[in-house]
Amino acid sequence: MKTSVILTTLSCSLLIGLLSSCSGTKQESTTMEKSLYGKTAEGTEVFLYTLRNKHGMEARITNYGGTVVSLLVPDRDGKLADVVLGFDSLASYIADSPYFGSIIGRYGNRIGKGNFDLNGVKYTLAINNGANHLHGGLKGFDKVAWIVDERESKAGKVLVLNYLSKDGEEEYPGSLSVKVVYSMTDSNELKIEYSATTDKPTVVNLTHHSYFNLAGAGNGNILDHELFIDADRFTPVDPGLIPTGELKSVRGTPLDFITPTLIGARINDVYDQVKVGGGYDHNWVLNKPANVLGIAARAYEKTSGRVMEVLTTEPGLQFYSGNFLNGTHVGKGGRKYDHRYGFCLETQHFPDSPNKPQFPTTVLNPGQTLTSTTVYRFSVK
Ligand code: BGC
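Take the sequence shown: its position 77, counted from the start at 1, is 76 in numbering that gives the first Met the number 0, and no numbers get skipped.
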């Protein structure tokens, strides 16, 4: 049975909102609707929250994994298409998802051999990707039911998700209290704000893992998207995709996206780094100042005219060209997702930072609050 509630409150009080004088806060027209999505294996009910703005842009997000299940975005004629890969049912997300649309934590991307030292103590994490630890382990933040703060969500027409990752969960130290806020603006932006606190020193790297195809999910591969990444350097990787520790110039390599270039133009070049990644699967060192919300990347798909800009406060960006997709995942509407049918732009701290003291730190101490913001902004040209 579908429970359906329309949450149509304004970000201050209703009255003040109607008078449009909400202490300088811009009033967005976004509405949010809630419906039952299904149950986890443990029997916990999870919900689907639909955020919609005045242009018809629509995001459906479930509190299971904080997953963006669909994202409808207009093309240059105003026609909407779903630009993220995903499944038709919760059961498929639970059964086997390559992190489609989810929040990733406690540590996004890889930690070499699943080991790190923190304040003289050695931690050993699950090995779930070759010889390494990936995306938080066996049951990362993509596989848990987040708690929705209904009161806060209602007040701001935003989706507020909380998760308490207990001390020792997936062998990470410290109870980590994480909050992720999804919102949508009338400027066709999907905004994600992360914050976290801990009761013991720990390592954290949170990101979002949507696979995009601006021509529409399931509509072929993403090789004809033009991509710009505002980064002069990247972190080269070893055969297990662990950074070597070096920051290398992108100049003269297929990883140079300072000049907007089609993803497919150099993806099969004879260059060790694209060979090792099976295409693009690297962390770019963003040019913008750290901790300041600035442009990281821009993707453009010419048949639809859709443009997606990624802005972030993070220092790095993982551009993953969907190299491990191979048609085994049958997605929305029964469409198979073949090789490189989607690409991810994951804003982050660098992979394996706990073992690379020269990288920006991912250590979070008690008394500190991690904050991070990423915006996916859509337009047309
Ligand atoms: C990683 C890939 C991985 C993918 C999904 C990306 O963030 O960089 O190597 O295959 O996530 O599993």
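By construction, the Cβ of each residue, glycine as well, lies at the ideal position given by its N, Cα and C atoms.
Just so it is clear, the structure is predicted and the values come from calculations on it, not from any experiment.
Here V236 is bridged, per DSSP, to P242.
Straight through space, the alpha carbons of N354 and S34 are spaced by roughly 43 angstroms.
Check the Cα spacing between Y36 and each of N52, Y63 and S28: the tightest is with Y63. I191 sits buried, since 16 or more C-beta atoms from the chains shown fall within 10 Å of its C-beta. Close CB contacts of G107 within its chain, under the 7 angstroms cut and outside five residues either way in sequence, are with H134, N204, L205, T206, E345 and Q347 (chain order).
By the neighbour-count criterion, in which a residue is buried when 16 or more other Cβ atoms sit within 10 angstroms of its Cβ, R150 is exposed.
By the Cβ criterion, the stretch 222-232 is in contact with the stretch 273-288, since at least three pairs of Cβ atoms, one from each stretch, lie closer than 8 angstroms.
Nearest Cα to A154 within the set M31, S88 and R250: M31. Per DSSP, reduced to three states, the secondary structure at G332 is helical. Taking a contact as a CB-CB distance under 8 angstroms, the pair E170 and L124 counts as one, their CB atoms being some 5 angstroms apart. Cβ-Cβ distances below 7 angstroms link G263 to L222 and D223 in the same chain, with the five nearest sequence neighbours on each side left out; the list follows chain order. By the neighbour-count definition (other C-beta atoms within 10 Å, threshold 16), Q317 is a buried residue. Counting other Cβ atoms within 10 Å of its Cβ, L89 reaches 16 or more and is therefore classed as buried. Inclusion of L79 and S194 in the CB contact set at 8 angstroms is not warranted, their separation being larger than that value. In the three-state scheme derived from DSSP, where H, G and I count as helix and E and B as strand, A154 is classed as helix.
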